[in-house]
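**Student:** This is the structure I want to talk about, given as structure tokens.
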Amino acid sequence: MSGRVRIKDIGLRGDQPLAEIDTDELIPLPPPYDNPGGTIQELKPDAAERMVCNLDGVVALSLPHPESPEEERALVDHFAEGLKKLFTRENNWSFLQPLTLAMEYCVGCQTCSDACHVFKASGQEIYRPTYRSEVWRRLVKKYAKPNGKLMAPLTGADVDLNWTTISRLYELAYRCNLCRRCAQVCPIGVDNGLIAHELRKLFSQELGWAPRELHEQGTVLQLQVGSSTGMNQVLVKDNVEFIDEDMTDETGIEVTTPWDKEGADVLLIHNAGEIMSWPENPGAFAIILNAAGIDWTLASEGIEYDGVNYGLFYDDVQLARIALKHVSAAKKLGVKKIVMGECGHQHKAIMTVADRILTGELRDVKRVSCLPLLEEIVFSGKIEFDPSKNDFPVTLHDPCNIVRNLGIVEPQRRILRYLCPQFREMTPHGVDNYCCGGGSGFAVMSGNNFTDWRVAVAGRMKFKQILDAFADQPGPEVKKYVCAPCSNCKGQIRDMLQYWGALEKSGITYGGLVELIVNAMVDVKEPFIKWEMH
Amino acid sequence: MMSGSIPLAVCYGLLAIFVVAFLIRSLKIARLPLHLRWELAPVPKEKGRGRYGGSYLEEFEWWKKPREESLVAEVAYMLEEIVFLKALWAHNRRLWWFSYPFHIGLYLLVLAAFGGVLASGMAAVGVAGLGWGILPKWIVWVAGVGYVLTALGALGLLASRLADPKLRLITTPVALFNLVLVLAVAVTGALAVTTVPGSAVDAVAFGRALLTAGPVPHMAGVLTAHLILAMAFLAYLPFSQMMHFVAKYFTYHQVRWDDRPLERGGAMEREMQKLLQQPVTWAAEHVHADGRKNWVDIATEEVPR
Ligand code: SF4
Ligand code: SF4
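So, in structure tokens, the structure goes:
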């Protein structure tokens with residue numbers, strides 16, 4: 001591990017990494033995952049020529065070098081402008097109060113550090129929740145406050161604003177999952193996750209810098225084509241038709257998905273990634289909702305078939321554009337409520353963060369999580385279940401956006417306690433859970449060697465928790481299931497289980513909640529859960 | 001023993017700065033615009049659910065049911081935090097051992113100060129002499145214990161800040177100055193209580209002088225130093241990060257625990273509509289801002305498909 005890094009080092013020696021990760025120094029995992037404790041591929045030898053790679057030997061963002069000193073200066077100046085805009089009412093009313101509180105009242109107690117899974121897994125100074133925040137704070141004090149430079153020796157604002165600082169800070173803004181576990185333990189209520197979020201906004205809204213996966217291939221593509229998967233309206237209907245056919249074949253139950261049904265009680269919006277990568281999830285939803293006699297529909301208008309809203313992670317403008325479209329289209333279709341599929345950030349974006357910009361008639365459409373709906377259905381007696389069909393070890397991952405951020409904790413547990421005889425909790429769990437390491441868009445980001453980092457470092461605590469939850473039957477002969485009712489978490493858990501070979505070594509697979517519900521249905525004769533990596 | 005006095009104008013100046021700056025800074029936070037929802041579990045007021053971090057969003061059709069909130073649970077949570085510094089106890093025990101006496105010491109000093117103001121008031125209107133009037137004698141002890149606890153806590157915090165590398169990482173000169181200032185106030189206070197005979201009577205006489213604009217009495221040097229330092233501390237407080245006790249109200253009540261949904265036709269909706277009318281000047285290309293378009297224009301603009 002590199003020596004003690006000081007806050008001001010972020011702006012110094014830009015030709016070298018600020019820190020280096022030695023995978024042997026990461027917190028140990030139980031055997032057979034202890035030796036080696038993970039590898040992070042080295043960057044290609046010419047990487048430093050092509051892009052900025054001076055943070056930690058990992059590159060998520062592939063930021064090109066500026067072409068001239070003039071361009072470099074202009075970008076740095078731009079950043080300084082953005083720093084000021086973060087504190088203006090017009091430009092940032094959306095988070096001005098929590099941001100100002102986070103800016104001015106941290107007492108530097110470091111209580112938050114031990115709550116952060118990224119720091120805990122690595123012990124790296126630069127991954128402390130406070131490192132990023134304090135760099136930002138000192139920049140604000142020095143460059144965005146009156147007499148900032150004059151007062152700097154007293155205020156301790158010793159970070160220089162230069163290309164090295166902003167390029168490293170950009171990458172560092174993407175070493176935080178925005179999970180807000182640190183904010184929960186802060187005695188003052190300072191939110192370091194919010195600071196990372198606001199930094200990402202500054203880069204995106206002022207400099208136009210954002211990860212390709214979240215911006216060009218994310219929100220921009222979604223607004224243009226309808227979905228960040230690239231599926232248009234025709235393709236999505238075709239794909240769902242295939243899924244219906246597959247489900248019918250597999251279960252012997254006639255599965256049909258209704259589309260664009262005006263005035264339906266429930267408009268279900270999936271993360272479209274489910275349709276592409278985990279078709280059994282939308283399939284299972286259709287089976288359950290049909291069996292329970294729910295008046296439901298999917299919608300193909302605009303972006304209505306993709307609940308993704310990556311704007312939540314990096315850009316308020318894109319967040320607002322997408323959320324407004326989601327709810328306006330639902331209003332047009334005349335549905336009573338939007339039910340969020342198993343996607344955490346979709347829950348948070350549409351249900352709470354965008355709540356206050358949905359004014360006037362948009363409020364006619366209610367927005368609700370699928371989890372309480374599934375709970376109602378499971379306990380309604382409308383479907384017959386045989387829990388012994390789920391008699392294998394099951395543990396539950398709590399998606400931060402649903403649990404810590406929205407407080408939806410118990411419905412999913414009541415279902416699992418009823419339908420899964422061998423359900424066991426992770427430690428800690430519920431609102432104290434650890435993020436899977438894929439939060440805030442990481443699960444879809446895989447540039448250069450970033451996947452290795454997000455699995456071996458950011459996902460480490462979660463993987464350890466999963467192994468610990470199954471420690472009573474560690475061998476591969478006992479098949480085990482990690483239930484993660486969130487698309488992005490599933491993507492991360494899949495990458496994690498594959499990286500470590502956990503299906504072969506420990507018999508661990510993963511999936512959503514609805515798959516377990518269908519697997520326990522008496523009417524479904526063949527096992528619905530496939531013990532394979534998918 | 002050295003002795004001294006303090007010009008009344010200096011006292012009034014310092015106290016006026018405290019009052020005005022305190023109000024301005026608090027109002028400034030309170031007046032920040034409505035923000036997007038950013039709640040964080042646990043929200044203790046959620047009746048029956050706050051305990052495990054649940055919220056009303058666990059109900060399927062929550063809008064059809066009355067919101068059930070428990071003021072008792074919320075107040076209990078706050079009291080635990082204020083009286084025991086529970087978050088620090090639970091998550092940072094090492095620092096709690098210093099931070100706790102520090103804060104309890106300060107609470108006791110605030111209590112004693114109120115006692116002092118009351119006694120001075122009574123002396124000023126003549127219902128009591130220069131003493132503690134109807135207040136119990138042990139109020140002096142409250143102050144004494146307060147000084148000692150605060151001083152010990154401040155010393156411990158100062159030592160931790162200097163010795164513990166993870167604290168040193170983000171410790172600024174101002175943060176050290178703040179602790180030194182509190183330490184100086186507490187040490188001079190402790191010395192005044194223990195070494196100056198009749199210091200409590202002198203302090204009440206000083207308070208009476210302030211209230212009646214009468215002549216400030218001549219006092220022992222250490223007591224004079226203490227009173228000047230204490231008033232300087234008050235004047236400085238609103239400009240410092242030590243205002244976190246005010247900020248904490250807002251981080252909890254207006255951010256973490258504010259899970260109110262917007263109501264159609266309500267005050268919040270009206271405020272939001274005003275906020276959305278503000279012009280946007282973010283410079284990135286995809287924002288399409290020109291300084292005139294407002295948030296509604298920008299967020300509802302159609303992207304060519
Ligand atoms: S953010 Fe909170 S917990 Fe972290 S150092 Fe600051 S005050 Fe302490
Ligand atoms: S939000 Fe989560 S990932 Fe980010 S610093 Fe806090 S605990 Fe760590």
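Which chain is which? The protein sequence lines are A and B, in order. Counting in the numbering used here, the final residue of the first sequence is number 534, and the numbers go up one at a time with none missing. Counting in the numbering used here, the final residue of the second sequence is number 305, and the numbers go up one at a time with none missing. All residues carry an ideal CB built from backbone N, CA and C; glycine is no exception.
What is the DSSP secondary structure of R367 of chain A, counted as helix, strand or coil?
**Tutor:** Three-state result, R367 of chain A: strand.
**Student:** By Cβ distance, which residues of its chain are closer than 6 Å to A163 of chain B, with the 5 residues on each side in sequence left out?
**Tutor:** Nothing meets the Cβ criterion.
**Student:** Three or more beta-carbon pairs under 8 Å between the segment 82–89 of chain A and the segment 231–244 of chain B, yes or no?
**Tutor:** With the cut-off at 8 Å, the segment 82–89 of chain A and the segment 231–244 of chain B do not touch.
**Student:** With a 10 Å radius around its C-beta and 16 neighbouring C-beta atoms as the bar for buried, classify V255 of chain A as buried or exposed.
**Tutor:** Flag for V255 of chain A reads buried.
**Student:** Is the shortest distance between the beta-carbon of R356 of chain A and the beta-carbons of chain B less than 8 Å?
**Tutor:** Yes, because at least one Cβ of chain B sits closer than 8 Å to the Cβ of R356 of chain A.
**Student:** According to DSSP, is A144 of chain A helix, strand or coil?
**Tutor:** In this structure, A144 of chain A counts as coil in the three-state DSSP scheme.
**Student:** With 7 Å as the limit, tell me which residues of the segment 251–263 of chain B have their beta carbon closer than that to any beta carbon of chain A; keep them in chain order.
**Tutor:** Residues T251, Y252, Q254, V255, R256, P261, L262.
**Student:** DSSP three-state call for G511 of chain A: helix, strand or coil?
**Tutor:** Residue state, collapsed to three classes: strand.
**Student:** Near S2 of chain A, what residues of its chain come up, given a Cβ to Cβ distance below 6 Å and the 5 sequence neighbours on each side ignored?
**Tutor:** Low confidence applies here, because S2 of chain A scores a pLDDT of 45, under 50, leaving its location unreliable and the question unanswered by this model.
**Student:** Quick one: complete beta strand (DSSP E) runs, 3+ long, within the segment 86–172 of chain A?
**Tutor:** Counting whole runs of 3 or more residues, the segment 86–172 of chain A contains no beta strand (DSSP E) stretch at all.
**Student:** Quick check on the DSSP output: the beta strand (DSSP E) that includes C483 of chain A runs from which residue to which?
**Tutor:** Here the beta strand (DSSP E) through C483 of chain A covers 480–483.
**Student:** Kindly indicate the opening and closing residues of the beta strand (DSSP E) around V394 of chain A.
**Tutor:** V394 of chain A -> beta strand (DSSP E) spans 394–396.
**Student:** Beta carbons nearer than 9 Å to chain B: which residues of the segment 403–418 of chain A have them?
**Tutor:** Here the close residues are V403, R404, N405, L406, G407, I408, V409, E410, P411.
**Student:** For the candidate residues A:V457, A:G430, A:W296, whose alpha-carbon lies nearest to that of Y127 of chain A?
**Tutor:** It is A:V457.
**Student:** Under a criterion of Cβ closer than 7 Å to any non-hydrogen atom of ligand 2, which residues qualify, in chain order?
**Tutor:** Matched residues: A:C112, A:A115, A:C116, A:H117, A:V118, A:F119, A:P129, A:C176, A:N177, A:L178, A:C179, A:R180, A:R181, A:C182, A:A183, A:N192, A:G193, A:A196, A:C435.
**Student:** Could you spell out the range, first to last residue, of the alpha helix (DSSP H) harbouring M242 of chain B?
**Tutor:** Counting along the chain, M242 of chain B falls outside any alpha helix (DSSP H), and DSSP gives it neither H nor E.
**Student:** Does the segment 403–417 of chain A come into contact with the segment 47–63 of chain B, if we say contact requires no fewer than three beta-carbon pairs (one atom in each stretch) closer than 8 Å?
**Tutor:** The answer is yes - the segment 47–63 of chain B touches the segment 403–417 of chain A, with three or more Cβ pairs under 8 Å.
**Student:** Using the C-alpha atoms, what's the distance from M461 of chain A back to K479 of chain A?
**Tutor:** Spanning the two alpha carbons is a distance of roughly 21 Å.
**Student:** Please list, in chain order, all residues of the same chain as A210 of chain A whose beta carbon is under 6 Å from its beta carbon, the five residues on each side excluded.
**Tutor:** Within the same chain, A210 of chain A has close Cβ partners S204, Y314.
**Student:** Please state whether DSSP places A220 of chain B in a helix, a strand or coil.
**Tutor:** If DSSP states are grouped into helix, strand and coil, A220 of chain B belongs with the strands.
**Student:** Is I188 of chain A closer than 8 Å to H91 of chain B when the C-beta atoms are compared?
**Tutor:** No, Cβ-Cβ distance for H91 of chain B and I188 of chain A is not below 8 Å.
**Student:** How is the alpha helix (DSSP H) around I287 of chain A delimited, first residue to last?
**Tutor:** 280–291 is the extent of the alpha helix (DSSP H) around I287 of chain A.
**Student:** So, D191 of chain A versus R180 of chain A, is the Cβ gap smaller than 8 Å?
**Tutor:** Yes, the pair counts as a contact, with Cβ atoms nearer than the cut-off.
**Student:** In chain order, what residues of the segment 91–110 of chain A put their CB closer than 7 Å to some CB of chain B?
**Tutor:** Cβ contacts with chain B: N91, W93, S94, F95, L96, Q97, P98, T100, L101, E104, Y105, V107, G108, C109, Q110.
**Student:** Mind checking if R424 of chain A is an interface residue toward chain B, Cβ cutoff 8 Å exclusive?
**Tutor:** Chain B contact via Cβ: absent.
**Student:** Within 8 Å (strictly less), CB to CB, does H35 of chain B reach chain A?
**Tutor:** Chain A, which has a Cβ nearer than 8 Å to the Cβ of H35 of chain B, makes this yes.
**Student:** From the DSSP output, read off the bridge partner residues of P197 of chain B.
**Tutor:** Paired residues: none, contrary to the question.
**Student:** For L262 of chain B and E269 of chain B, what's the separation of their Cα atoms in angstroms?
**Tutor:** If you take the alpha carbons of L262 of chain B and E269 of chain B, they lie about 6 Å apart.
**Student:** Give, in chain order, every residue of the segment 333–349 of chain A whose Cβ lies closer than 7 Å to some Cβ of chain B.
**Tutor:** So nothing in the stretch comes that close.
**Student:** Mind checking Q277 of chain B: buried by the 16 CB within 10 Å criterion, or exposed?
**Tutor:** Its Cβ having fewer than 16 others within 10 Å, Q277 of chain B is exposed.
**Student:** Note down, one range per segment and in chain order, each beta strand (DSSP E) of at least 3 residues found wholly within the segment 320–403 of chain A.
**Tutor:** You should have 337–340, 366–369, 394–396.
**Student:** Can you list, in chain order, the residues of its chain with a C-beta nearer than 7 Å to that of M242 of chain B? Leave out the 5 residues immediately preceding and following it.
**Tutor:** Closer than 7 Å at the Cβ level, and outside the excluded window around M242 of chain B, lie N178.
**Student:** Between the segment 64–89 of chain B and chain A, which residues of the former have a C-beta closer than 7 Å to a C-beta of the latter?
**Tutor:** Cβ contacts with chain A come from L85, A87, L88.
**Student:** K166 of chain B to D316 of chain A, Cα distance in whole Å?
**Tutor:** For K166 of chain B and D316 of chain A, the distance between alpha carbons rounds to 33 Å.
**Student:** Shorter than 7 Å, the distance from the beta carbon of I188 of chain A to the closest heavy atom of ligand 1, or not?
**Tutor:** Yes - ligand 1 has a heavy atom lying nearer than 7 Å to the Cβ of I188 of chain A.
**Student:** Can we count Q110 of chain A as close to ligand 1, meaning its CB is less than 7 Å from some heavy atom?
**Tutor:** Yes, ligand 1 has a heavy atom inside 7 Å of this Cβ.
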